Amino acid sequence: MSPTLQRILDLQQIGVDRFSVPVIHGGDRIFGGHLLAQALMSAARTVEQDRQPNSIHASFLRAGVAGTDLTFEVQRIRDGGSFSTRRVVIHQQGRELLMATVSFHVGEAGEDWQPSRAESTMPRIADASPIPSDARFGSVGSYEIRTVAPWTAGQPREGLHPYWVRADSNLGESPALHYAALLLISDLGIIRAARNPHSQVPGNEWAAMSLDHALWWHRAPRADQWMLVEAEPTSNALGRGMAHGRIRAEDGTLLATLNQEVLLRMPARKPRAEQPAVAKAADR
């Protein structure tokens, strides 16, 4: 496993169902995908090994800051014959950053079905475009990313999806690491994917942030093999946007489905120069 990704997901136990991890990457804020994956890893440390995650529902409460350790408190909500439920709260400096509910399931016999996708519409990794060296994804972790649409270095680009991604080294055989690595990368580029694609407001003028994130694992992933991440907006209204996405294996197998709600706060409009900001009494 790459040292960077290993360190991101290497939580230390500091008490009963309590864990800690240092914030190791640069930048002013913590990438939300790190918090999601770390919350999953902390919850997974409290369930039997025959149970794998089937869903996570998380709310981003505050932005985390780089350079200060995080603590994770796991509450054991339920342990049934087939399902376990955990609630995780991430703290930093006494403040809650994220609250998540994670469900785990013992796999059972059943039909294996998904909507078919024509091979002609499935993009090929051989045709994908490597991310230019000037793209700023260093804080995400050690992943190899290629976009379906061509990406030219130095040229502006509004969105990342759809893209191919995989961990840049072997993750070993621990299922939890593969589930967490998929969850981590599901947050990459999703805010832009939630925006109205026909908006006339440039992306860098929005005040945007993740509000909540939900993901359902349908099948066991192998995150060190190529996965296709697709996402598109489903609604923009009342200052919020919603993105819906899917993560597939290279052969088209559906691994996960995700939704994220984001804050989309439009920039304040400045009064036009030819009009006074406040109308005079004679003008009313």
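Just so we're aligned, residue 1 is where the sequence shown starts under my numbering, counting upward by one. From the three backbone atoms N, C-alpha and C, an ideal C-beta is built for every residue, glycine too. Source: prediction; values computed, not measured.
Report, in whole angstroms, the separation of the C-beta atoms of residue i and residue j, which I expect to be a contact under 8 Å.
| i | j | result |
| --- | --- | --- |
| A223 | L182 | 5 Å |
| T234 | A243 | 7 Å |
| W151 | S186 | Wrong, their Cβ atoms sit about 20 Å apart, outside the cutoff. |
| A207 | R265 | 4 Å |
| R29 | A63 | 5 Å |
| M227 | R248 | 7 Å |
| E96 | R18 | Not a contact, Cβ separation roughly 14 Å. |
| T121 | R86 | Not a contact, Cβ separation roughly 38 Å. |
Going straight from the alpha carbon of residue i to that of residue j, what length do you get?
| i | j | result |
| --- | --- | --- |
| A277 | N196 | Note that A277 scores a pLDDT of 39, beneath 50, so its modelled location is shaky; the value from the coordinates is reported in the next line. Roughly 29 Å between the two C-alpha positions. |
| E111 | I77 | 29 Å |
| R192 | T147 | 15 Å |
| A100 | P22 | 19 Å |
| Q38 | H91 | 12 Å |
| V262 | M209 | 6 Å |
| I89 | D79 | The question names Ile, yet the displayed sequence has Val at residue 89. Distance between the alpha carbons of V89 and D79 is about 19 Å. |
| S20 | W164 | 31 Å |
| R272 | S199 | At R272 the pLDDT is 48, less than 50, meaning the model places this residue with poor confidence and gives no usable figure here. |
| L160 | L177 | 24 Å |
| S84 | G94 | 28 Å |
| Q12 | A237 | 41 Å |
Check the DSSP bridge columns for residue i and list the partner residues they point to.
| i | result |
| --- | --- |
| G15 | R18 |
| V165 | I145, M227 |
| R51 | Its beta-bridge partners do not exist; DSSP assigns none. |
| F60 | L98 |
| M209 | L263 |
Keeping to the same chain, check which residues put their C-beta closer than 7 Å to that of residue i; ignore five residues upstream and five downstream.
| i | result |
| --- | --- |
| L330 | No answer is possible for residue 330: the residues shown for the chain start at 1 and end at 284. |
Using a Cβ-based criterion (distance less than 7 Å to any ligand heavy atom), does residue i qualify as near the ligand PLP?
| i | result |
| --- | --- |
| A220 | The ligand PLP is absent from the structure shown, which contains no ligand whatsoever. |
Looking only at its chain, what residues have a beta carbon closer than 6 Å to the beta carbon of residue i, apart from the 5 residues adjacent to it on each side?
| i | result |
| --- | --- |
| N259 | A214, H244 |
| I131 | I145 |
Excluding the five sequence neighbours on either side, which residues of its own chain have a C-beta within less than 8 Å of the C-beta of residue i, listed in chain order?
| i | result |
| --- | --- |
| Q114 | H218, T253, L254 |
| Q225 | R166, A249, E250 |
Extract the residue ranges of the beta strand (DSSP E) inside the region 235-259, only unbroken runs of 3 or more that lie entirely within it. Fully enclosed beta strand (DSSP E) runs of no fewer than 3 residues occupy 240-249 of the region 235-259, in order along the chain.
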